[in-house]
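Mapping of the sequence shown onto the working numbering: position 22 corresponds to residue 403, and the numbering continues sequentially without gaps.
Beta carbons: idealized from backbone N, C-alpha and C, even for Gly.
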Amino acid sequence: ESAAQAAIYSAETSLDNKQFYASLVSGYKKINALYVLEGSLKFLMKEDPGYLLPYSTYGELYRNYKKLDESIEMYNKAIALDNKKDDLFADRAISYYRNLDYLNALNDFESALKLRPHTAIYIYNKACMLALLGKKSEALQNLKLALIEDKKLIELARFDSDFASIKSDSEYSSQFASLIVEDSDDKWVATDTGSK
Numbered sequence: 382e383s384a385a386q387a388a389i390y391s392a393e394t395s396l397d398n399k400q401f402y403a404s405l406v407s408g409y410k411k412i413n414a415l416y417v418l419e420g421s422l423k424f425l426m427k428e429d430p431g432y433l434l435p436y437s438t439y440g441e442l443y444r445n446y447k448k449l450d451e452s453i454e455m456y457n458k459a460i461a462l463d464n465k466k467d468d469l470f471a472d473r474a475i476s477y478y479r480n481l482d483y484l485n486a487l488n489d490f491e492s493a494l495k496l497r498p499h500t501a502i503y504i505y506n507k508a509c510m511l512a513l514l515g516k517k518s519e520a521l522q523n524l525k526l527a528l529i530e531d532k533k534l535i536e537l538a539r540f541d542s543d544f545a546s547i548k549s550d551s552e553y554s555s556q557f558a559s560l561i562v563e564d565s566d567d568k569w570v571a572t573d574t575g576s577k
């Protein structure tokens, strides 16, 4: 409770200097204790409705509480304030995904990619959404692009249940398997000439 009171005091005194409050949010996020900031977030939303950080923080907080509609609404407000931040679209996409709304999640990952092309995790998540929507060929194409951008995602793809429909489909399972088998760097170059 004293930490929550201190956060409210920080919010009240940081209306002109938001850097300190941003570092406070970052600190509480690292220790998975954003709930401490609820009172201060409400204060900032009331006193400075054009300040983006409280909305995006509440978006994450609501997602942690599994209040996904509320999370999406907070990200909607944050994006209305600044639609040039790729991470806001990606964060809202995660809330849509957890709400089983794969089409809106896909649209948001595509929006994030328009703002920050070649971001491996966005391409990977786009592939996941495509797989969940039954667009297996497109999913494999995007997975391949994601793995070209970041080979470390191979391990994630191996066990990702989002690709279950591809793994169990005789038409696509061998293509999926060939993507997640770690090979020499030459394979990646040879299969991707000119895709960037």
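Contact belief for residue i with residue j at Cβ below 8 angstroms, rounded distance in angstroms
i: Tyr402; j: Ala392; result: 6 angstroms
i: Ile547; j: Ala512; result: 6 angstroms
i: Leu560; j: Lys525; result: 6 angstroms
i: Val474; j: Ala501; result: Checking the displayed sequence, the identity of residue 474 turns out to be Ala instead of Val. Ala474 to Ala501, Cβ: 15 angstroms. No contact.
i: Leu469; j: Tyr456; result: 6 angstroms
i: Asp550; j: Lys517; result: 6 angstroms
Spatial distance of residue i from residue j (CA atoms)
i: Ile389; j: Ile535; result: 43 angstroms
i: Thr394; j: Met426; result: 14 angstroms
i: Cys509; j: Val417; result: 33 angstroms
i: Pro498; j: Glu530; result: 11 angstroms
i: Ala520; j: Lys532; result: 17 angstroms
i: Leu484; j: Ala558; result: 25 angstroms
i: Asn480; j: Glu419; result: 23 angstroms
i: Asp467; j: Tyr446; result: 23 angstroms
i: Asn413; j: Leu434; result: 17 angstroms
i: Gly431; j: Asp463; result: 10 angstroms
Residue i (DSSP reduced to helix, strand or coil)
i: Thr438; result: helix
i: Lys427; result: helix
i: Gly420; result: helix
i: Leu481; result: coil
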